[in-house]
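Structure first, commentary second.
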Amino acid sequence: MDIREHLQSALRAALSGVGVDPLPDEIALERPARREHGDWSSNVALAISKSLGKNPREVGMQLVESISADLPDHVESVEIAGPGFVNFRLSDTWLYDVLADVVSGGTTEYATPDLGHGESVNVEFVSANPNKPIHAGHGRGACYGDSLARLRERCGYDVTREFYLNDRGVQMHRFADSLEARKLGEEPPEDGYHGEYVARWASEMPDDADPFEWGYARALASHRETLGKLGIEFDSWFSERSMIASGAIDETLADLNARDAVFEHDGATWLRSTDHGDDKDRVIVRSDGDYTYLLPDIAYHRDKFSRAGHLVNVWGADHHGYVSRMKAAMSFLGHDADELEVVITQLVDLERDGEPVRMSGRSGDLIELDDVITEVGSDAARFTYLMQSVDSRQTFDLDEVKKQAMDNPVFYVQYAYARVCSIEAKAREAGVDRLPLDQIDLTLLTHERETDLLRSLFELPELVEIACTENAPHRISGWAREQAAALHGFYHDCYVMGEGVSAELTQARLALVEGSRIGMAIALDLLGVSAPESM
RNA sequence: GCGCCCGUAGCUCAGCUGGAUAGAGCAUCUGACUACGGAUCAGAAGGUCGGGGGUUCGAAUCCCUCCGGGCGCGCCA
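So this is what it looks like as structure tokens:
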């Protein structure tokens with residue numbers, strides 16, 4: 002049993018003992034910020050005192066007396082503090098159970114909370130138009146979406162990574178026309194694409210190629226290649242065009258009609274999206290008979306719901322206005338709008354040595370993600386994109402990120418991993434094999450550096466769960482940085498082998514080192530950052 | 001004007017379904033190398049949590065309001 006559940010059941014028993022009925026649904030238990038407040042703290046007395054009509058300190062005191070009368074395992078003392086907190090002081094013995102879990106579970110078993118029970122989830126991200134290279138701003142959504150998928154997989158979901166291709170419509174034709182013009186040595190049309198890449202691709206294009214199809218394939222290949230460099234592979238590339246061929250778009254329109262979700266006005270067909278909380282109703286078929294972008298999008302989401310129970314969309318900040326209309330459309334089609342989760346990622350400002358780098362200009366030039374990866378490397382790019390919450394705008398300084406120095410967190414973290422591997426390699430060289438857990442005396446791990454590492458390892462499963470539930474991979478990168486700090490501290494103060502280190506202590510520390518390696522490997526994998534054995 | 005995101009240390013950012021004296025990294029200053037990789041470790045200093053109200057035992061966190069920044073508000077995609 003988890004130490005938290007262990008203490009919660011003790012509190013529950015104590016509450017019953019003092020006549021609290023019914024018991025509260027939740028008994029909060031957290032690690033206090035300050036060490037003198039013990040190892041675990043509960044505010045349950047503060048939470049329930051009002052309904053009891055008693056002073057919280059008095060309630061807390063009763064709980065403390067009750068629990069003290071028969072201390073649970075691992076608990077050294079219980080005390081009342083502040084306005085009525087019940088603080089537990091534990092012996093380190095509970096931490097040894099944690100290490101045993103980590104080492105016996107390994108990277109595939111430890112920190113795998115089963116939240117999904119095999120439920121299918123479709124994570125759609127990037128979905129950049131197949132008519133230009135992926136730019137640096139897409140990198141954030143790409144790394145973020147892939148990390149969300151990794152978190153979901155770890156938490157027991159059946160995940161599909163999907164990329165939606167807007168492979169029809171005016172933008173594609175403009176792209177084809179621009180390619181053709183460059184091929185002929187002419188300027189692209191006024192409303193065409195003027196970026197440098199158009200000329201580059203046109204020069205690769207065979208004379209007899211169809212500019213539309215060839216250009217589409219070229220852009221798609223570019224997307225795959227760039228994302229592949231980040232270790233991102235999609236299970237599904239879903240084509241908008243395929244829905245024309247399959248009749249899915251017309252089918253969707255008929256479905257919406259049948260459900261009375263649309264009306265005719267001024268010769269156009271409108272979705273009654275205001276019925277489901279949108280600001281205004283939206284045109285889905287124009288008066289000239291053409292679809293607006295929205296109808297194929299609705300058809301696409303309808304199709305996704307036929308393939309997965311839960312959808313996660315990663316959209317850029319400039320698309321936040323479309324969330325409510327898409328949810329409205331899904332509600333009309335009989336889906337639970339809450340099963341469509343749309344995460345908005347804020348913009349990325351690219352800088353070089355503190356100076357802004359222009360993302361785009363009149364010429365249509367942009368900073369390609371591929372160039373960013375070439376410059377800073379995949380690991381640094383991924384870690385950096387995932388270091389902060391996607392809710393706030395990010396400044397991405399190329400010079401900072403590519404620095405192979407201590408002010409670059411990715412190297413600090415990877416170096417910690419490499420050090421751990423180096424210790425294990427050293428032990429192997431010295432002919433010291435790590436013994437099975439039941440032959441190791443973990444109670445020798447009493448140094449503060451050691452218990453810090455154990456506490457950090459204990460937190461990982463809960464953190465994985467939070468990161469998954471809240472779509473917040475930055476919680477994992479934060480953990481990795483703390484774990485790395487704990488590892489460097491341990492490395493500095495606690496020698497695994499050498500003079501004055503007993504064989505028994507070496508064994509206990511080797512187990513700790515292996516547990517730490519496992520934890521770090523799990524975190525780095527969730528971020529899609531490599532775990533180097535040497536650097 | 002309306003909607004969404006943001007405003008926390010000099011800088012970059014955590015913390016936000018309310019908890020105790022608000023955290024980390026960088027930068028600055030001071031210390032630590034005769035053993036597993038010093039790409040490291042320890043310490044110091046650094047704050048009106050944008051301003052103002054409110055809710056309550058308790059607010060960076062919830063509510064209202066104002067200020068500042070970003071992104072959206074098409075029969076474009």
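Heads up, the first sequence is in the working numbering, so the first residue is 2 and it goes up one at a time.
Every residue gets a Cβ at the ideal spot worked out from N, C-alpha and C, and that includes glycine.
Since the structure is predicted, the reported quantities are computational estimates derived from the model, not experimental observations.
- Under the DSSP assignment, residue 329 falls in the alpha helix (DSSP H) whose first and last residues are 324-333.
- Contact check between the segment 138-149 and the segment 364-379: three or more CB pairs, one atom from each, fall below 8 Å, which counts as touching.
- When 266, 108 and 427 are compared, the shortest CA-CA separation from residue 498 is found for 427.
- Closest option to residue 281, judged by alpha-carbon separation, among 63, 193, 329 and 316: 329.
- Between the segment 339-357 and the segment 284-294, the count of C-beta pairs closer than 8 Å stays below three; the two stretches do not touch.
- In this structure, DSSP gives residue 194 a state outside helix and strand, which the three-state scheme calls coil.
- In its chain, beyond the 5 residues on either side, 399 and 403 have a beta carbon closer than 7 Å to the beta carbon of residue 376.
- In this structure, DSSP gives residue 76 an extended state, which the three-state scheme calls strand.
- The Cβ-Cβ distance between residue 295 and residue 305 does not fall below 8 Å.
- For residue 139, the uninterrupted alpha helix (DSSP H) run begins and ends at 137-155, by DSSP.
- Between the segment 108-121 and the segment 60-80 there are fewer than three inter-stretch CB-CB distances shorter than 8 Å, so the stretches are not counted as touching.
- The beta carbon of residue 430 lies closer than 7 Å to none in the same chain, with the five residues before and after it left out.
- Comparing C-alpha distances from residue 446 to each of 416, 502 and 483 shows the shortest one belongs to 502.
- Annotated three-state conformation of residue 297 is helix, per DSSP.
- With respect to the C-alpha of residue 397, the residue from 354, 415, 7 and 211 having the closest C-alpha is 354.
- Residue pairing by DSSP places residue 395 opposite 349 in a beta bridge.
- Taking C-alpha positions only, residue 135 is separated from residue 122 by approximately 25 Å.
- DSSP places residue 266 in the uninterrupted beta strand (DSSP E) bounded by 263-266.
- With fewer than three CB-CB distances shorter than 8 Å, the segment 220-232 does not count as touching the segment 241-255.
- Three or more beta-carbon pairs separated by less than 8 Å link the segment 434-443 to the segment 507-524, which places the two stretches in contact.
- Inter-residue distance for residue 279 and residue 325 is about 5 Å (C-alpha atoms, whole angstroms).
- Contact between the segment 232-245 and the segment 266-279 is absent: fewer than three C-beta pairs spanning the two stretches fall below 8 Å.
- Per the C-alpha coordinates, the member of 93, 163, 210 and 144 positioned closest to residue 349 is 144.
- Sequence-distant partners of residue 19 (beyond 5 residues in either direction) whose C-beta falls short of 6 Å from its own C-beta, in its chain, are 63.
- When rounded, the separation of the alpha-carbon atoms in residue 518 and residue 91 is 25 Å.
- Residue 12 is positioned such that its CB atom lies closer than 8 Å to that of residue 45.
- For residue 161, the enclosing beta strand (DSSP E) stretches over residues 159-166.
- Residue 358 has its alpha-carbon roughly 14 Å from the corresponding atom of residue 401.
- When DSSP states are grouped into helix, strand and coil, residue 270 belongs to the strand group.
- Taking each of 466, 523, 468 and 421 in turn and checking the Cα distance to residue 534, the smallest one comes out for 421.
- For residue 52, the closest C-alpha among the options 28, 413 and 22 is that of 22.
- Of all alpha-carbon atoms in 458, 106, 175 and 449, the one lying nearest the alpha-carbon of residue 196 is that of 175.
- In the displayed model, residue 107 falls within a helix according to three-state DSSP.
- Around the beta carbon of residue 89, 16 or more other beta carbons sit within 10 angstroms, so the residue counts as buried.
- The C-alpha of residue 216 lies about 13 Å from the C-alpha of residue 209.
- Across the structure, residue 157 and residue 520 are spaced so that their CA atoms are roughly 18 Å apart.
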